[in-house]
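> In this note's numbering, the protein residues as written are 16 to 255. Ideal Cβ positions, reconstructed from N, Cα and C, are used throughout, including at glycine. For clarity, every value in this text was computed on a predicted model and none was experimentally measured.
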């Protein structure tokens with residue numbers, strides 16, 4: 016019996032099979048570089064992220080950490096006087112109680128932030144920024160129920176914006192002192208939010224619109240004037 020002639024075009028190395036293998040090899044060649052670099056951080060961007068971070072015995076201190084410490088101090092510089100105004104000018108016990116909570120909370124938190132700033136060598140402002148001064152001027156000029164509404168509205172908005180910032184810093188900081196300060200600030204801000212809402216003067220519809228606006232979460236702290244700054248003596252020498 017004669018052997019059958021081979022059938023061309025079949026088998027793993029036929030024309031079609033070679034085309035499929037060539038295409039698969041091309042796909043692998045294209046994907047391997049992507050897999051190799053996936054998840055890698057660009058060295059240039061890494062340098063940018065670490066350029067303003069200093070080492071301390073309490074962990075790395077980032078630019079965001081220093082900004083947070085400054086903003087905690089700024090919050091107390093206007094919210095504590097606002098609380099004093101509410102204790103004096105509030106027309107209802109709930110408004111006056113909210114004012115008392117602001118005074119007590121920021122008296123304690125301000126002592127904490129000043130201690131942290133001294134340990135980390137962060138210069139602090141000694142007066143509110145321009146926007147905060149305008150808010151205090153608004154409260155100073157208001158009387159009666161108009162004061163109650165403005166006080167509850169302004170302070171609830173400010174605390175709502177700070178609340179998200181505190182959570183962001185607490186989740187990302189590598190510095191133990193900043194982490195403890197964020198814990199303290201979180202408890203203080205949440206307490207103030209509750210007592211402000213308890214006044215009955217918070218307009219939640221307007222609040223939602225204001226919080227959704229494109230404004231920065233909290234006012235950006237101004238450049239610190241060395242003559243006006245609270246004197247601080249770093250307990251450690253930080254090196255970049």
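1. Looking at residue 89: is its Cβ nearer than 8 Å to the Cβ of residue 144?
2. Go through its chain and collect everything with a Cβ distance to residue 78's Cβ below 6 Å, but skip five positions before and after it.
3. Excluding sequence positions up to five away, which residues of its chain have a Cβ less than 7 Å from the Cβ of residue 199?
4. I'd like to know whether the C-beta atoms of residue 214 and residue 167 end up nearer to each other than 8 Å.
5. For residue 69, which of helix, strand or coil comes out of DSSP?
6. I'd like the ranges of any alpha helix (DSSP H) spanning at least 4 consecutive residues and lying wholly in the stretch 93–136.
7. Between the C-alpha atoms of residue 197 and residue 94, what's the straight-line distance to the nearest angstrom?
8. Would you list the residues sitting across from residue 76 in a DSSP beta bridge?
9. To the nearest whole angstrom, what separates the beta carbons of residue 14 and residue 204, a pair I think is in contact under 8 Å?
10. Only counting the same chain, and skipping five residues up and downstream in sequence, which positions put a Cβ closer than 6 Å to that of residue 164?
11. Below 6 Å CB to CB, which residues in the same chain sit around residue 100 once its five sequence neighbours on both sides are set aside?
Reading it off the structure:
1. Taking the first residue of the chain shown as 1, we reach residue 89 at position 74. Taking the first residue of the chain shown as 1, we reach residue 144 at position 129. Yes, the Cβ-Cβ distance between residue 89 and residue 144 is below 8 Å.
2. Taking the chain shown and counting its residues from 1, one reaches residue 78 at position 63. So the list reads 67, once near-sequence residues are dropped.
3. Within the chain shown, residue 199 is the residue found at index 184, counting from 1. The answer, listed in chain order, is 124, 127.
4. Numbered from 1 along the chain shown, position 199 holds the residue referred to as residue 214. Numbered from 1 along the chain shown, position 152 holds the residue referred to as residue 167. Contact: yes.
5. For the purposes of this step, residue 69 is taken as residue 54 along the chain shown, with counting starting at 1. Here residue 69 sits in strand by DSSP.
6. 108–135
7. Translated into the one-based positions of the chain shown, residue 197 becomes position 182. Translated into the one-based positions of the chain shown, residue 94 becomes position 79. Spanning the two alpha carbons is a distance of roughly 17 Å.
8. Reading the chain shown from its first residue, position 61 is the one you call residue 76. DSSP lists 69 as partners of residue 76.
9. Outside the shown range of the chain (16 to 255) lies residue 14, about which nothing can therefore be said.
10. Residue 164 sits at position 149 when you count from the first residue of the chain shown. Contacts found: 216.
11. The residue you call residue 100 lines up with position 85 of the chain shown. Excluding sequence neighbours, residue 100 sits near 154.
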